[in-house]
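Q: Mapping of the sequence shown onto UniProt numbering: residues 1 to 114, in sequence order.
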Amino acid sequence: MAAAEDLKKKFEELFQKAKESLPEVQSWNKVYQIVLEDGGEFYIEISGGELKIADGRHPSPIATLTLTSDTLKEILDGQTDAMKAFMMRKLKITGNVLDTMNLKRIIDAGLGRL
C-alpha cells in the first residue's frame, strides 16, 4: 500500500513540471476529490495556476476518483495509464468524467509525455 503523503508529494512534483507545458492551468479553477479504497481521502484544488492538496472531503468537487493507493501510485509513476485503469475498473469516477482528462494531462505533461 502506497502512503498517501508520498502520493500527494508525487502529484505536486508532476504539477510543477506540467505548469511549463500547460499554460492553461493558470485559468483553471477545479477541485478533484481522491478517495483511496484502502484508506484515506484528500482533494486536489487547482486555482490560478497554483496547486493545493488537502486531507478530507471538499464540499463541491468537479469529480471524485476512487481507487487504491497502489493504482494511484502506478498512474503517477507512469506505469499505468489512467484511461486504462478506468477501462479496467481499477479507477472509478463520479461527477464530471470528461473534466478528469485535465488531471491526466497534468500527469502526462509532468512525466514528459506531451
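We treat Cβ as the ideally placed atom computed from N, Cα and C, and that holds for glycine.
Looking at C-alpha atoms only, which residue of Glu50, Thr64, Asn96, Asp81 is the closest neighbour of Gly105?
A: Correcting the residue identity first, residue 105 is Arg in this sequence and not Gly. It is Asp81 whose Cα lies nearest to the Cα of Arg105.
Q: Less than 6 Å between C-beta atoms, sequence neighbours within five positions excluded: which residues of the same chain meet that for Gly40?
A: Ala4
Q: Which whole runs of the alpha helix (DSSP H) in the UniProt domain "SCP2" (11-108) are 4 residues long or more, in chain order?
A: 69-76, 82-87
Q: For the candidate residues Phe15, Ile34, Gly112, whose alpha-carbon lies nearest to that of Thr94?
A: The closest CA to that of Thr94, considering only Phe15, Ile34, Gly112, is found on Ile34.
Q: Using a Cβ-Cβ distance cut-off of 8 Å, determine whether Glu20 contacts chain D.
A: In summary, chain D is missing from the structure at hand, where a single protein chain is found.
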